[in-house]
Amino acid sequence: MEKFIIDHTEDTPKVVLDAESGLFSIEGRSLPENAVAFYQPIFNWLTSYEENSKNPIAFHFKLEYFNTASSKQITKLLLILQQMAQKITVSIKWYYYKEDADIKASGSRFAKLIKADIDLIPYE
Amino acid sequence: MSSQSKKNSFAFRLFQGMQKDNLSYIYRGIFSQSITDGILSLTESNLDKQGEDSKIKKRVFTIMVEGLQNITRHQETDDDAYVNETGIFIIQDVKSRYYITTGNPILKKNIPNLENQLNKINSLDAEELKLYYKKVLNDNIISDKGGAGLGLIEMARKSGNKLTYDFVELNDTYSYFYLNTEISHNETEPVQSTVNPKKSLENIKEIHKILNSEDIVLIFNGIFNQESLLNLLSIMENQMMEHNLNLKKKVFNIMVEMLQNIVKHGANGKNSGENPGIFFINQKNNSYQLNTGNYILNSKVKELQQKIEYVNSLSMDELNDFYEKSLFNFQIDSSKEAGLGLIELRLKTNRKITYEMTEFNEIFSFFVLQTVVD
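The listed protein sequences correspond, in order, to chains Z and B.
When you line the first sequence up against the numbering used here, it's residues 1 to 124, in that order.
When you line the second sequence up against the numbering used here, it's residues 1001 to 1374, in that order.
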């Protein structure tokens, strides 16, 4: 499968979906005006991965900030991963800067709501 | 509650007052390099949006850079005398003529020299200014502030107009220096101004007084779109540099939700295009008050009111549940609406949402939203 890579901008995160190396990550800030349009290609890619591959996934969330519009799309992304976890091994890592109470709290909330393992990992 | 609604009316009055004077935006506070950069890109994107002529854009830019440098250069100076005032930057757009005003405290003892320079510059015509610029450049008279009055000459040359200025006494040692530049469309011929520059400076001094008494650090009155939002965020991020991460993030968070609210739901009070509105921030020590004002359709007033009242009626626990329920409610999931913004405002500020609707005409109302972050 072709790699999906978009670089970060001032209001959108860097996204890497790489089937070959098994590296999946979303990193940076997410506050686009139209979050639905930004996340849709990511959902499409994952849906097609689900149909084509049996390889395990490690998905890294290293978000610095996201708006409410993005948080709904992140919920959707996690629900897709939750569904994939029924067939393949999916591990979800949620990174937060150790002093960032906000990102940590969002991670805990998702860990509570999503039926998949989400590891909260502080970084300095 | 009554004091809050008084504040809200203040937001509407401010918006109307600024509309009348066609003020575009104001920054008041410490000027750092990154704040200056933020102000410059905010202007750039606004001029681009208005499809402004590249020659005029360049002149506006040059004058802004010189004016902003003036402020940064002078705020660093200090004897031991105390001065509480910070710099101010204002750009106004009146019938596609631009007015740029800067203000900063200066040492009183420097006034005569500065006034001489200004009078000299104002006495010269375009050709004489050009020669004077060369002369000063050649003479290489570097003042102890690192400038040689070249900035002022450059501002006068690029504006094609006289520089308007004023000094207001602050204390025994300091005065406040206002400098106002009008940019007309033709560099060599000053255009008969529709605004009396002395009078416009008086208005600015009045507004400055209000900003000081209300502790307003940033006002943006103009078109709200994603680009202006990002520029405003970058200015605020730099302005809040010294605060702790979690306060900064909260302000950032609330600011994004409030501004995107205008971008997505604001109505157009006047022409077609993007949404006009006002945004301002008051800062008191470690507490920020964020205010937005924008038009909404009268037909949407009731629905919005009900939404806010509902969110306000919930306890914090209920609010959390409602947030989580809304997160998974994919019935509401469009480019415009995730149904989370208002809940987030209450959760993050830990306060009820303060708002006000004022009927503006048969079609529109003015909607003011206010939050406090600390």
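Glycine included, C-beta positions come from ideal geometry on N, C-alpha and C.
Quick caveat, the model's predicted, so the values are computed rather than measured.
Give me whichever residues DSSP pairs with residue i in a beta bridge.
{"i": "Z:Tyr39", "result": "Answer by DSSP bridge pairing: none, since Z:Tyr39 is not bridged."}
{"i": "Z:Ala116", "result": "Its beta-bridge partners do not exist; DSSP assigns none."}
{"i": "B:Asn1371", "result": "The displayed chain sequence assigns Thr, not Asn, to residue 1371 of chain B. Beta-bridge pairing links B:Thr1371 to B:Leu1290."}
{"i": "B:Ile1091", "result": "B:Tyr1025 and B:Ile1100"}
{"i": "Z:Ser25", "result": "Z:Val16 and Z:His60"}
{"i": "B:Thr1181", "result": "B:Ile1100"}
{"i": "Z:Ala111", "result": "In DSSP, Z:Ala111 forms no bridge with anything."}
{"i": "Z:Tyr65", "result": "Z:Arg29"}
{"i": "B:Leu1107", "result": "B:Tyr1174"}
{"i": "B:Leu1218", "result": "B:Tyr1027 and B:Ile1281"}
{"i": "Z:Ile121", "result": "Z:Tyr95"}
{"i": "B:Ser1365", "result": "B:Ile1296 and B:Glu1359"}
Tell me which same chain residues have a C-beta within less than 8 Å of the C-beta of residue i, skipping the five on either side of it?
{"i": "B:Ser1272", "result": "Unreliable placement is indicated for B:Ser1272, whose pLDDT of 39 sits below 50; the coordinate value is still reported in the next sentence. Taken in chain order, the list of residues that qualify is empty."}
{"i": "Z:Asn55", "result": "Ala19, Gly22 and Ile88"}
{"i": "B:Asn990", "result": "With chain B represented from 1001 up to 1374, any question about residue 990 of chain B goes unanswered, as that position is not in the structure."}
{"i": "B:Leu1068", "result": "Phe1031, Thr1036, Ile1039, Leu1040, Phe1089 and Thr1102"}
Once the 5 residues before and after residue i are set aside, which same chain residues still bring their CB inside 7 Å of it?
{"i": "B:Met1255", "result": "Leu1233, Met1236 and Leu1290"}
{"i": "Z:Tyr123", "result": "Tyr95, Tyr97 and Lys98"}
{"i": "B:Ile1343", "result": "Val1311, Leu1319, Phe1322, Tyr1323 and Ser1326"}
{"i": "B:Leu1314", "result": "Phe1322"}
{"i": "B:Leu1170", "result": "Val1083, Glu1085, Pro1105 and Tyr1176"}
{"i": "B:Lys1198", "result": "Thr1164"}
{"i": "B:Glu1227", "result": "Ser1045"}
{"i": "Z:Ala69", "result": "Ala35"}
Whose C-beta lies closer than 6 Å to the C-beta of residue i among residues of the same chain, with five residues either side of it excluded?
{"i": "Z:Leu17", "result": "Phe4, Phe24 and Trp45"}
{"i": "B:Glu1359", "result": "Ser1365"}
{"i": "B:Gly1146", "result": "At B:Gly1146, the pLDDT of 49 sits below 50, so the modelled position is not reliable; the number obtained from the coordinates is stated separately. So no residue of the chain qualifies."}
{"i": "Z:Tyr65", "result": "Arg29"}
{"i": "B:Gln1004", "result": "Legend: pLDDT at B:Gln1004 = 47, less than 50; position of this residue unreliable, no value from coordinates given."}
{"i": "B:Leu1211", "result": "Arg1028"}
{"i": "Z:Asp11", "result": "Leu31 and Pro32"}
{"i": "Z:Met84", "result": "Glu50 and Val90"}
{"i": "B:Lys1162", "result": "Asn1122"}
Quick one: grab the DSSP three-state call for residue i.
{"i": "B:Asn1225", "result": "coil"}
{"i": "Z:Ala19", "result": "coil"}
{"i": "B:Asn1161", "result": "coil"}
{"i": "B:Met1357", "result": "strand"}
{"i": "Z:Ile5", "result": "strand"}
{"i": "B:Phe1279", "result": "strand"}
{"i": "B:Pro1112", "result": "helix"}
{"i": "B:Ile1030", "result": "coil"}
{"i": "B:Lys1352", "result": "coil"}
{"i": "B:Ala1338", "result": "coil"}
{"i": "B:Ile1035", "result": "helix"}
{"i": "B:Glu1169", "result": "strand"}
{"i": "B:Asn1045", "result": "Note that residue 1045 of chain B is Ser in the sequence shown, not Asn. Looking at B:Ser1045 - three-state DSSP - the assignment turns out to be helix."}
{"i": "Z:Val87", "result": "The sequence as given places Lys at residue 87 of chain Z; Val does not occur at that position. Of the three classes helix, strand and coil, the one that applies to Z:Lys87 here is coil, per DSSP."}
{"i": "B:Ser1326", "result": "helix"}
{"i": "Z:Ser106", "result": "helix"}
{"i": "B:Ile1332", "result": "coil"}
{"i": "B:Ile1296", "result": "strand"}
{"i": "B:Asn1271", "result": "Unreliable placement is indicated for B:Asn1271, whose pLDDT of 46 sits below 50; the coordinate value is still reported in the next sentence. In this structure, B:Asn1271 counts as coil in the three-state DSSP scheme."}
{"i": "B:Ser1123", "result": "coil"}
{"i": "Z:Ser71", "result": "helix"}
{"i": "B:His1074", "result": "helix"}
{"i": "B:Ser1376", "result": "Examination of residue 1376 of chain B is not possible in this model, given that chain B is present from 1001 through 1374 alone."}
{"i": "B:Gly1149", "result": "coil"}
If residue i sits next to residue j, beta carbons under 8 Å apart, how far is it from one beta carbon to the other, in whole angstroms?
{"i": "B:Leu1201", "j": "B:Asp1166", "result": "6 Å"}
{"i": "Z:Ala58", "j": "B:Ser1335", "result": "Incorrect: roughly 30 Å between the Cβ atoms, too far for contact."}
{"i": "B:Val1263", "j": "B:Asn1225", "result": "6 Å"}
{"i": "B:Ile1026", "j": "B:Ile1219", "result": "4 Å"}
{"i": "B:Phe1012", "j": "B:Gly1293", "result": "6 Å"}
{"i": "B:Leu1123", "j": "B:Ile1063", "result": "Note on residue identity: the sequence assigns Ser, not Leu, to residue 1123 of chain B. That pair is no contact at about 20 Å."}
{"i": "B:Thr1349", "j": "B:Val1373", "result": "6 Å"}
{"i": "Z:Phe110", "j": "Z:Ile118", "result": "6 Å"}
query = Just by C-beta distance, which residues in the region 59-80 of chain Z are closer than 7 Å to chain B?
reply = Tyr65, Asn67, Thr68, Ala69, Ser71, Lys72 and Thr75
task = Could you name the residues of the region 1040-1064 of chain B whose beta carbon sits closer than 7 Å to any beta carbon of chain Z, in the order they occur along the chain?
result = none
query = Listed in chain order, which residues of the region 35-59 of chain Z have Cβ atoms closer than 9 Å to some Cβ of chain B?
reply = Ala35, Val36 and Ala37
inquiry  = So if I threshold CB-CB distances at 7 Å, which residues from the region 1334-1349 of chain B count as touching chain Z?
reply    = Ser1334, Ser1335, Ala1338, Leu1340, Gly1341 and Glu1344
request  = Could you run through the region 1222-1249 of chain B and flag, in chain order, every residue whose CB is less than 7 Å away from some CB of chain Z?
outcome  = Gln1226, Leu1230, Leu1245, Asn1246 and Lys1249
message = Give me the subset of the region 110-123 of chain Z whose CB atoms are less than 8 Å from a CB atom of chain B, sorted by chain position.
response = Leu113
message = Output needed in chain order: residues of the region 82-107 of chain Z with a Cβ under 9 Å from some Cβ in chain B.
response = Tyr97, Glu99, Asp100, Ala101, Asp102 and Ile103
ask   = Listed from N- to C-terminal order along the chain, which residues in the region 1305-1326 of chain B have their beta-carbon within a distance smaller than 7 Å of any beta-carbon of chain Z?
value = Glu1324
ask   = Which of the residues in the region 10-33 of chain Z, read from start to end, lie with their CB under 9 Å from any CB of chain B?
value = Glu10, Asp11, Leu31, Pro32 and Glu33
message = By the 9 Å beta-carbon criterion, what residues does the region 1252-1264 of chain B contribute toward chain Z?
response = Phe1252, Asn1253, Val1256, Glu1257, Gln1260, Val1263 and Lys1264
query = Using Cβ-Cβ distances below 8 Å, what residues of the region 1272-1290 of chain B are close to chain C?
reply = Of the protein chains in the structure, Z and B, none is chain C.
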